[in-house]
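Under our numbering, the final residue of the sequence shown carries the number 191; numbering is consecutive throughout.
Worksheet: the structure to be examined is printed underneath.
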Amino acid sequence: MAESDALETALGALRYRDLSEHELEQKLAARGFAESDRAQAVATLRRTGLLDEGRFAEGRAASLASRGAGDALIRDALRRAGVPPEVAEEAVVALEPEMQRALAVVERRGSGPKTSRTRSPRSLPARAARS
Numbered sequence: 061m062a063e064s065d066a067l068e069t070a071l072g073a074l075r076y077r078d079l080s081e082h083e084l085e086q087k088l089a090a091r092g093f094a095e096s097d098r099a100q101a102v103a104t105l106r107r108t109g110l111l112d113e114g115r116f117a118e119g120r121a122a123s124l125a126s127r128g129a130g131d132a133l134i135r136d137a138l139r140r141a142g143v144p145p146e147v148a149e150e151a152v153v154a155l156e157p158e159m160q161r162a163l164a165v166v167e168r169r170g171s172g173p174k175t176s177r178t179r180s181p182r183s184l185p186a187r188a189a190r191s
């Protein structure tokens, strides 16, 4: 397979979401592209700005933080995605402080335990008749 095929495959993968260089390399390797073709495709995408570790890290960190993830979990997720530690740290530092995010999650979800759905007294006889 040629470098142009690797580039086309990489562009297709990036069409749906940002990827880290490591994730993109893995996708291309899984498709059977030679290391030199993968490296050229990644270099081309980096040079054109379509592949950007900083942008990827910031986006992934913000996404995880919005779902209630703490700094340690975000750092670990970025590490597993192959993001260099200094880039991951910059992305975490750019977020709102962890305590403020945690308080926002508590406000959004409520601080009490989730209560089970209560059944209407009228539905109980109907349910008993079905069993």
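Positions of the beta carbon are idealized from the N, C-alpha and C atoms, including for glycine.
Rounded C-alpha distance that separates residue i from residue j
{"i": "A121", "j": "L155", "result": "8 Å"}
{"i": "A99", "j": "E85", "result": "8 Å"}
{"i": "R127", "j": "P157", "result": "14 Å"}
{"i": "P145", "j": "L79", "result": "16 Å"}
{"i": "G109", "j": "A148", "result": "18 Å"}
Nearest neighbour of residue i, chosen from the options [CA to CA]
{"i": "A129", "options": "A62, H82, R91 and V166", "result": "V166"}
{"i": "A62", "options": "S80, D97, R77 and H82", "result": "D97"}
{"i": "R91", "options": "G170, E68 and E146", "result": "E68"}
{"i": "R77", "options": "A101, L88 and L111", "result": "L111"}
{"i": "A125", "options": "A66, M159, L88 and E81", "result": "M159"}
{"i": "D65", "options": "E81, S80 and A94", "result": "A94"}
Residue i - DSSP class collapsed to helix/strand/coil
{"i": "G32", "result": "Because the chain in this structure spans residues 61 to 191, residue 32 falls outside the shown range and cannot be described."}
{"i": "R92", "result": "Per the sequence presented here, residue 92 reads as Gly, with Arg not at that position. Coil at G92, not helix or strand."}
Open item on the list: Check whether the region 64-78 and the region 133-147 touch, using three or more Cβ-Cβ pairs below 8 Å as the test.
Closed with: The region 64-78 and the region 133-147 do not touch, with fewer than 3 CB-CB distances between them shorter than 8 Å.
TODO: Evaluate contact between the region 144-161 and the region 111-130, counting only Cβ atoms and requiring at least three cross-stretch pairs below 8 Å.
DONE: Judged by Cβ distances under 8 Å, the region 144-161 makes contact with the region 111-130, as three or more pairs qualify.
- [ ] Could you say if the region 94-112 and the region 138-148 meet the contact criterion of at least three C-beta pairs nearer than 8 Å?
- [x] Counting C-beta pairs with one atom in each stretch, the region 94-112 and the region 138-148 have fewer than three that are closer than 8 Å, which means they do not touch.
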